[in-house]
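Protein sequence lines correspond, in order, to chains F and X. So the first sequence is residues 1 to 231, counted in our numbering. So the second sequence is residues 232 to 462, counted in our numbering. Where a beta carbon is used, it is the ideal one built from N, C-alpha and C, also for glycine. Remember, it's a predicted structure, so these values are computed and weren't measured experimentally.
There are 2 protein chains.
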Amino acid sequence: MDFSPKDLRQVIVFKDATDDDLEQVLSHSITRSIEEGEFLFFQGDPATYAYVLTSGQVKLLQTNPSGQQVNLRTIYPWEMFAALGSVRGPSAAYPVTAQALENSTALAMKSLFLKEMMQTRPYLAAGLMQLMTSYIQEIQSRYRELATERVEQRIARALLRLTSQSGQKVDKGIELSFSRQDVAEMSGTTLYTVSRVMAEWERQGLVQLGREQIRIINPHGLVKIAEGLEK
Amino acid sequence: MDFSPKDLRQVIVFKDATDDDLEQVLSHSITRSIEEGEFLFFQGDPATYAYVLTSGQVKLLQTNPSGQQVNLRTIYPWEMFAALGSVRGPSAAYPVTAQALENSTALAMKSLFLKEMMQTRPYLAAGLMQLMTSYIQEIQSRYRELATERVEQRIARALLRLTSQSGQKVDKGIELSFSRQDVAEMSGTTLYTVSRVMAEWERQGLVQLGREQIRIINPHGLVKIAEGLEK
DNA sequence: CTTTGTCTTTGCGCTGGCGCAAATAGATTT
DNA sequence: AAATCTATTTGCGCCAGCGCAAAGACAAAG
């Protein structure tokens, strides 16, 4: 792998870890590389490993019985995910599927080892709980939004969220690389509606559109729409 | 109070606690009684206390800027809730509002004390994480349902969930005491739609309806609807 | 038994958003 | 440069579900 043990401190959960702890974690881990579109694990698989993404981008999603899918969140480098096995035990099932959005590498850490390690390292449990609480808050908000807000607002919010997570600043705004379908899954709608709504925004000069590309020209305008002040 | 320290062991997080630990927790706690309709705390308040419900029923909800509200979950006796302050610190804000559905009593435990206690009691952190992971899984599923399923299915699921949490068995089925409005908030729709959908179910003999009452006659029929196999 | 308040039902009209299908536009391969 | 593949746009029709408003049903209080 192309990173040193100390790089692991970029992972919030490990920020207070001793050198020795980091070594131990690594010795109980393997690295996995996956290509764009491939799956790291599926919903229902036993949660043998917890992961830290070391490069690339991965999305977590759920599918319902009839195959429709919903994006729950996108993971960026040095984020930890799929840690539930370290709490419930490695025989618990992953509640989500993880799919690579680009060629990616991830560190796969034995759930069981982390679980044991937590018994004696309060900082680890504390960090993991921190992660969980912030995630709970985010998904609660998104649930509320989905239940009470209309599509325009939800799409605007999805774009704003992406902006702060993975937006590339260019001279004429902020650029995102996502398809209409991606945005639809993130905002709980269909690609048709996303296309229509964003086309209208383009007419108003809020964004510029391309194939698998969205350039945000006027973020403040989107904020107003997300807040429901527009219209 | 009308419970002994040992009753606290019914709280999953405290099931492995020593007698001494329980005493300590209680000495850092106060009890609060609230009447039906009153609020235990509001979204945005500093998270000074974590709670254990000792009697009654409490719902957690979020409101959006324009006042519309969404039920996130209902708390039953001996469940712990609002524990985020014990992770983030007592100055964090509650992300939800807690309102009593009936006259209730709750044990309010100082977040800061729990936070310190967790440093030296791995069982506590482990229990809390267990709680969080199961909650994350539930809300993720509900998010997916809201995004991909139609109203009928979501109402059926809401009823089934309630059945397992608070259903009273009577000779002719399982009885729930919730208003149409309650069910609407739990399934992300309106009381009108709930009324119409359930009226149709009554015609089909799946349920029997009354004022603030739903008697489920044929749970299996509801399961089929929830799975989307019906229609 | 009447009144008052709350919960529920239902007729009615409306519209936001869905989704097919066909056209168009980029990107990639040969 | 042509062919192929995938992403996107847009016309069109449709309907699930919303929400007002008015009526009905039930419960508790006087």
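Query - Cβ pair F:L112, F:V13 closer than 8 Å - result: Here residue 112 of chain F corresponds to residue number 112 of the first sequence, with the count starting at 1. Here residue 13 of chain F corresponds to residue number 13 of the first sequence, with the count starting at 1. No; because the gap between Cβ atoms is not below 8 Å, this pair is not in contact.
Query raised in the report: To which residues of the same chain is F:S177 closer than 7 Å at the C-beta, ignoring the five residues directly before and after it?
Result: Position 177 of the first sequence, counted from the first residue, corresponds to residue 177 of chain F. So the qualifying residues of the chain are E212 and Q213.
**Report entry** Check whether F:L160 and F:A226 have beta carbons under 8 Å apart
**Finding:** Your numbering for residue 160 of chain F matches position 160 in the first sequence. Your numbering for residue 226 of chain F matches position 226 in the first sequence. Yes, they are a contact pair.
Query raised in the report: Which parts of the region 371-400 of chain X are runs of the alpha helix (DSSP H), unbroken and 4 residues or longer, counting only runs that do not cross its ends?
Result: Look at the region 371-400 of chain X and you find these whole runs of alpha helix (DSSP H), each 4 residues long or longer: 382-397.
Requested in this report: Sort out for me which residues DSSP pairs F:T31 with in a bridge.
Outcome: On the first sequence, position 31 is the one that residue 31 of chain F refers to. BP columns for F:T31 point to F:L107.
Query raised in the report: Near X:T262, which residues of its chain fall below 8 Å by C-beta distance, leaving aside the five closest residues on each side in sequence?
Result: Taking the second sequence and counting its residues from 1, the one referred to as residue 262 of chain X is at position 31. Apart from sequence neighbours up to five positions away, the residues of its chain that approach X:T262 with a beta-carbon distance below 8 Å are M232, T285, T336, A337, L338 and A339, ordered along the chain.
Query raised in the report: Is there a Cβ from chain F that is less than 8 Å from the Cβ of X:R347?
Result: As a first step, residue 347 of chain X must be located in the second sequence, where it is residue number 116. The sequence given here places Glu at residue 347 of chain X; Arg does not occur at that position. Not one chain F Cβ lies under 8 Å of X:E347.
Report task. For F:K231, count neighbouring C-beta atoms within 10 Å of its own C-beta (all shown protein chains included) and say buried if the count is 16 or more, exposed if not. Result -> Mapped onto the first sequence, residue 231 of chain F falls at position 231. Model confidence at F:K231 stands at a pLDDT of 45, short of 50, so the residue's coordinates are unreliable; what they give is reported in the following sentence. So F:K231 ends up on the exposed side.
Query raised in the report: Pairing CB atoms from the region 322-333 of chain X with CB atoms from the region 269-278 of chain X, are three or more of them under 8 Å?
Result: Enough Cβ pairs lie closer than 8 Å, so yes.
Query raised in the report: In terms of DSSP beta bridges, what is X:F273 paired with?
Result: Position 42 of the second sequence, counting from 1, holds the residue named residue 273 of chain X. According to DSSP, which records beta bridges pairwise, X:F273 is partnered with nothing at all.
Report task. Mind the definition here: the region 71-87 of chain F touches the region 123-143 of chain F only if three or more C-beta pairs lie below 8 Å; say whether that holds. Result -> Touching, per the Cβ criterion.
Query - Beta carbon of X:V289 nearer than 8 Å to that of X:M311 - result: Along the second sequence, read from residue 1 onward, the residue named residue 289 of chain X stands at position 58. Along the second sequence, read from residue 1 onward, the residue named residue 311 of chain X stands at position 80. In terms of Cβ geometry, X:V289 and X:M311 do not form a close pair [threshold 8 Å].
Query - Check whether F:V87 and X:T351 have beta carbons under 8 Å apart - result: Looking up residue 87 of chain F in the first sequence gives position 87. Looking up residue 351 of chain X in the second sequence gives position 120. Cβ distance not < 8 Å, so F:V87 and X:T351 don't count as in contact.
Query raised in the report: Around the C-beta of X:G316, are 16 or more other C-beta atoms found within 10 angstroms, so that it is buried, or is it exposed?
Result: If you number the second sequence from 1, residue 316 of chain X lands on position 85. Result: buried.
Requested in this report: Just the C-alpha distance for X:Q300 and X:V428, rounded to the nearest angstrom, thanks.
Outcome: Position 69 of the second sequence, counted from the first residue, corresponds to residue 300 of chain X. Position 197 of the second sequence, counted from the first residue, corresponds to residue 428 of chain X. For X:Q300 and X:V428, the distance between alpha carbons rounds to 21 Å.
Query raised in the report: Using a Cβ-Cβ distance under 8 Å, would X:R446 count as near chain F?
Result: Here residue 446 of chain X refers to the residue found at position 215 of the second sequence. False, the Cβ-Cβ gap to chain F never drops below 8 Å.
Query raised in the report: Any residues in the region 50-68 of chain F with a beta carbon nearer than 7 Å to a beta carbon of chain X? Which ones, in chain order?
Result: Using a CB distance below 7 Å, the part of the region 50-68 of chain F facing chain X consists of Q62, N64, P65, S66 and Q68, ordered along the chain.
Query raised in the report: How many whole angstroms separate the CB atoms of F:Q208 and F:E202, which I take to be in contact at a CB cut-off of 8 Å?
Result: Position 208 of the first sequence, counting from 1, holds the residue named residue 208 of chain F. Position 202 of the first sequence, counting from 1, holds the residue named residue 202 of chain F. Rounded to the nearest angstrom, the Cβ distance from F:Q208 to F:E202 is 6 Å, consistent with a contact under 8 Å.
Report task. Give the range of the alpha helix (DSSP H) segment to which X:K455 is assigned. Result -> For the purposes of this step, residue 455 of chain X is identified with residue 224 of the second sequence, where counting begins at 1. Where X:K455 is concerned, the enclosing alpha helix (DSSP H) stretches over P450 to A457.
Query raised in the report: When the cut-off is 8 Å and only beta carbons count, does X:V301 lie next to chain F?
Result: In the second sequence, counting from the first residue as 1, residue 301 of chain X sits at position 70. Closer than 8 Å: yes.
Query raised in the report: How about X:G459: is its C-beta nearer than 8 Å to some C-beta of chain F?
Result: For this step, residue 459 of chain X is matched to residue 228 along the second sequence. Closer than 8 Å to some Cβ of chain F, the Cβ of X:G459 qualifies, so yes.
**Report entry** Coarse secondary structure for X:R286, derived from DSSP in three states
**Finding:** For the purposes of this step, residue 286 of chain X is taken as residue 55 along the second sequence, with counting starting at 1. For clarity, residue 286 of chain X is Ser in the given sequence; the question names Arg instead. It is a strand residue.
Report task. Please work out which residues of its chain come closer than 7 Å, Cβ to Cβ, to X:N463, disregarding the five sequence neighbours upstream and downstream, and give them in chain order. Result -> Look at the range of chain X in this structure, 232 to 462, and you will see that residue 463 of chain X is not part of it.
Query raised in the report: What are the start and end residues of the alpha helix (DSSP H) that includes X:E433?
Result: Here residue 433 of chain X refers to the residue found at position 202 when the second sequence is read from its first residue. First-last of the alpha helix (DSSP H) with X:E433: L422 to R434.
Query raised in the report: When the Cα of F:E175 is compared with those of F:T163, F:D182, F:E185 and F:A184, which residue comes out closest?
Result: The residue labelled residue 175 of chain F in the question sits at position 175 within the first sequence. Comparing alpha-carbon positions, the option among F:T163, F:D182, F:E185 and F:A184 lying closest to F:E175 turns out to be F:T163.
Query - Buried or exposed by the 16-neighbour rule on C-beta atoms within 10 Å, applied to F:E152 - result: On the first sequence, residue 152 of chain F is found 152 positions in, with the first residue counted as 1. Counting the other CB atoms within 10 Å of its CB gives F:E152 a total of 16 or more, which places it among the buried residues.
Query raised in the report: Mind pulling the chain F residues with CB within less than 8 Å of X:A356?
Result: Along the second sequence, read from residue 1 onward, the residue named residue 356 of chain X stands at position 125. Going along chain F in sequence order, the residues near X:A356 (Cβ under 8 Å) are M118, P122, A125, A126 and M129.
Query raised in the report: Where DSSP assigns a beta bridge to F:F81, which residues make up the other side?
Result: Here residue 81 of chain F corresponds to residue number 81 of the first sequence, with the count starting at 1. Beta bridge pairing from DSSP links F:F81 with F:Y51.
Query raised in the report: Grouping DSSP H, G and I as helix and E and B as strand, with all else coil, what is F:L206?
Result: Along the first sequence, read from residue 1 onward, the residue named residue 206 of chain F stands at position 206. Note: F:L206 maps to coil in three-state DSSP.
Query - X:A281 beta carbon less than 8 Å from that of X:A313 - result: The sequence position of residue 313 of chain X within the second sequence is 82, counting from 1. The sequence position of residue 281 of chain X within the second sequence is 50, counting from 1. Result yes, Cβ atoms of X:A313 and X:A281 sit closer than 8 Å.
Query raised in the report: What separation, rounded to the nearest whole angstrom, lies between the Cα atoms of F:V183 and X:G441?
Result: The count along the first sequence starts at 1 and reaches residue 183 of chain F at position 183. The count along the second sequence starts at 1 and reaches residue 441 of chain X at position 210. Computed Cα separation, rounded: 43 Å.
Query raised in the report: Candidates F:A156, F:E23, F:F39 and F:E185: which alpha carbon is nearest F:H220's?
Result: Position 220 of the first sequence, counted from the first residue, corresponds to residue 220 of chain F. Of F:A156, F:E23, F:F39 and F:E185, the residue nearest in Cα terms is F:A156.
Query raised in the report: Within 10 angstroms of its Cβ, does F:T18 collect 16 or more other Cβ (buried), or is it exposed?
Result: By 1-based counting over the first sequence, the position of residue 18 of chain F is 18. Label assigned to F:T18: exposed.
Query raised in the report: X:P353 to F:V170, Cα distance in whole Å?
Result: On the second sequence, position 122 is the one that residue 353 of chain X refers to. On the first sequence, position 170 is the one that residue 170 of chain F refers to. Taking the CA atoms as reference points, X:P353 sits about 48 Å from F:V170.
Query raised in the report: Start and end of the beta strand (DSSP E) containing X:A415?
Result: The residue given as residue 415 of chain X occupies position 184 in the second sequence. Per DSSP, X:A415 is not a residue of any beta strand (DSSP E); the alpha helix (DSSP H) it occupies stretches across R411 to S418.
Query raised in the report: Should F:P5 be flagged as near chain X, meaning a C-beta pair shorter than 8 Å?
Result: Start at 1 with the first residue of the first sequence, and residue 5 of chain F comes out as number 5. Answer no: the Cβ-Cβ gap between F:P5 and chain X never drops below 8 Å.
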